[in-house]
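Chemist:
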Amino acid sequence: NPVEAFDLVVFGITGDLAHRKILPALCHRFSIGQIPKETRIIGVARGEKSKEQFHAEMAEALDKHLPKGRCDDQCVKDFLDCFHYVKLDVLGEDGWQELKDLLNERPNPVRAFYLSVAPSLFAEISVRLGKSGIATEGSRIVLEKPFGHDLQSAKDLNARLKSCFDECQIYRIDHYLGKETVQNLMALRFANALFEPLWNSQHIDHVQITVAETLGIAGRGGYYDHAGAMRDMVQNHMMQVMCLIAMEPPARFDADSVRDEKLKVIKALDPLDIRNTVRGQYRAGNGGGSYREEAENPDSMTESAVALKAAISNWRWSGVPFYLRTGKRLRAHVSEIMIKFKEPPHNIFEQSRPAEGNALILRLQPGEGITLMMTIKEPGSGGMRFLRVPLDMSFAETLGGRTGVLGNAYERLIMDVIRGDQTLFMRGDEAEAAWAWVDPVIAAWQESGERPQPYDALGSGPEAALALMHRDGREWREIE
Ligand code: BG6
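Count along the sequence shown starting at 1, add 745, and that's the number in the working numbering.
(1) Return the bridge partner residues of A790 from the DSSP annotation.
(2) Would you mind reading off the limits of the beta strand (DSSP E) that contains S898?
(3) Please classify R1164: is it buried, with 16 or more other beta-carbons within 10 angstroms of its beta-carbon, or exposed?
(4) Count the other CB atoms within 10 Å of the CB of K796; is the residue buried (16 or more) or exposed (fewer)?
(5) S1080 bridges to which residues according to DSSP?
(6) Cβ of A1179 within 8 Å of Cβ of M984?
(7) Going by CA-CA distance only, name the one from E993, A1104 and L771 that's closest to F935.
(8) Ordered along the chain, which non-local residues of its own chain (more than five positions away) have a Cβ less than 6 Å from that of E1006?
(9) If we ignore side chains and look at the alpha-carbon of each, how far apart do E783 and C772 end up?
(10) Only counting runs of 4 or more residues, tell me where the alpha helix (DSSP H) segments fall wholly within the segment 1007–1080, in order along the chain.
(11) Please say whether P747 and P781 have beta carbons closer to each other than 8 Å?
(12) Measuring only from the beta carbon, is E958 closer than 7 Å to any heavy atom that is part of the ligand BG6?
(13) So, using beta-carbon positions, are A868 and R885 closer together than 8 Å?
(14) How do the segment 1202–1213 and the segment 1050–1062 stand: do at least 3 beta-carbon pairs fall below 8 Å, yes or no?
(15) Is the separation between the beta-carbon of H800 and that of F828 shorter than 8 Å?
(16) Tell me the DSSP secondary structure of F1170 in three-state form.
(17) By a C-beta neighbour count over all protein chains shown, 10 Å radius and 16 as the cutoff for buried, is Q914 buried or exposed?
(18) Taking P1089 as the reference, which of D950, L762, L807 and F940 has the closest Cα?
(19) Considering S1139, what are the terminal residues of the beta strand (DSSP E) in which it resides?
(20) Using only CA atoms, which one of A1040, P854, E802 and N849 lies nearest to A750?
See the structure below:
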């Protein structure tokens, strides 16, 4: 459904995120008629640019990053008519009045500010938007991660934001929540009657969440070397996915009902024992260079991979470990969840045991789909022998062309901002609670003075991550 015309101010319009994600997302939604042509997209950056120059830059970015065939030339041209540029110095005085005048010229019903800038500028820009009256009562502000660097900085940022904006105006983006397959977790659990009765410690042995990447950190070392995998992936994307798997059914699918339930999961997490955590850093191997080279920091102690075992101490999950692992420069690019069910309670087959418990695998990307691993009788075998086979559902095959219109996760999230729906955004207290959980481990790692365990670039990750599982008599699912 089309939204009302809106004014979207993008701070950092010349940056990588704006070019790669925000512009293509908006252009696609414009091309399918969801964004009215009266909409204004106001790009803000420091450089001096003529309107023509700005439009040419935007056109170039779209040409580079919009998947081919998404919008034709005329559509891109019409889309660019929505664009305005304001040269503004976020820490100085220049440009603020001009931005205000432009916004007030013929204001659209919805006004939103997207802060696609260095996180160190979030607080300053928000406060200036508030104090100058550029942000009005109904305005929305969108912040990219990282939302703070630790609990204290997240609290400070929340406090500064809240001095000018109400929580219902603040949209903290975690782009994993915009992924169709992540949202599908909620459909799987709460729109089907089949799984929920089994979704507990009585039937589930353990849960694995994997986000493996083949890419390294080349070009992003400045940010990444200060963050590391725990801050970059675990505190946000992976914990959010864990919450969606573990939360109680919310009474309604609305922002606060869902976020209340996610927060309860984070609060029920046992403090992480450092012995249940592993951090790794890739070294050169399999033709790939080392983390330290890419980060241009020969002594870096930053982790590019993390594996950990989490425990959720509540009625539903007591005794069910959640194993999380993520890493850069691994052998495969795959994000998936595996729910491993318990063995049948009694084996009636004397000669052989069923292969292994059932497992439900939710493949988030790539090759999005759902697989249920089942045990069947091996055909033709004398007596009873068993095979473990997949019952497979691939989104691409089942939905055919319809998966092509899904676009990137930002499309859904940006449209939700305009519609005023916060369900897929992190609330301030959630972000703080997530920091409160990861902070002590990061501190303990630092205190230990130990170097993260080296693992081969494009290999299977740190040995100690395998040992973390073996200790419990379990195995990670192969990443492939
Ligand atoms: C980002 C992280 O938030 O998510 C990156 O900063 C990571 O380091 C990326 O590569 C992964 O996202 P996706 O959508 O490619 O799985």
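Idealized CB from N, CA, C, for every residue including glycine.
Modeler: Reading it off the structure:
(1) In the sequence shown, counting from the first residue as 1, residue 790 sits at position 45. Answer is K832.
(2) On the sequence shown, position 153 is the one that residue 898 refers to. From DSSP, S898 is part of no beta strand (DSSP E) but of the alpha helix (DSSP H) over L896 to K907.
(3) As a working mapping, residue 1164 is identified with position 419 in the sequence shown. With fewer than 16 Cβ atoms within 10 Å of its Cβ, R1164 is classed as exposed.
(4) The residue you call residue 796 lines up with position 51 of the sequence shown. The residue is exposed, with fewer than 16 neighbouring Cβ atoms inside 10 Å.
(5) By 1-based counting over the sequence shown, the position of residue 1080 is 335. Its beta-bridge partners are V956 and Q1110.
(6) As a first step, residue 1179 must be located in the sequence shown, where it is residue number 434. As a first step, residue 984 must be located in the sequence shown, where it is residue number 239. Cβ atoms of A1179 and M984: closer than 8 Å.
(7) Indexing the sequence shown from 1 puts residue 935 at position 190. It is E993.
(8) The sequence position of residue 1006 within the sequence shown is 261, counting from 1. So the qualifying residues of the chain are M992, E993 and P995.
(9) Taking the sequence shown and counting its residues from 1, the one referred to as residue 783 is at position 38. Taking the sequence shown and counting its residues from 1, the one referred to as residue 772 is at position 27. The alpha-carbon atoms of E783 and C772 are separated by roughly 14 Å.
(10) 1036–1039
(11) Here residue 781 refers to the residue found at position 36 when the sequence shown is read from its first residue. Here residue 747 refers to the residue found at position 2 when the sequence shown is read from its first residue. Yes, these two residues count as a Cβ contact at 8 Å.
(12) Reading the sequence shown from its first residue, position 213 is the one you call residue 958. It does: the Cβ of E958 is within 7 Å (strictly closer) of some heavy atom of the ligand BG6.
(13) Walking along the sequence shown from the start, residue 868 turns up at place 123. Walking along the sequence shown from the start, residue 885 turns up at place 140. In this structure, R885 does not lie closer than 8 Å to A868 by Cβ.
(14) yes
(15) Reading the sequence shown from its first residue, position 55 is the one you call residue 800. Reading the sequence shown from its first residue, position 83 is the one you call residue 828. Contact flag set, yes.
(16) Position 425 of the sequence shown, counting from 1, holds the residue named residue 1170. DSSP places F1170 in coil when its eight states are reduced to three.
(17) The residue you call residue 914 lines up with position 169 of the sequence shown. Looking at its Cβ environment, which holds 16 or more other Cβ atoms inside 10 Å, Q914 is buried.
(18) Taking the first residue of the sequence shown as position 1, residue 1089 is located at position 344. Here the closest residue by C-alpha is D950.
(19) Position 394 of the sequence shown, counted from the first residue, corresponds to residue 1139. Note, S1139: beta strand (DSSP E), F1131 to S1139.
(20) Within the sequence shown, residue 750 is the residue found at index 5, counting from 1. Per the Cα distances, P854.
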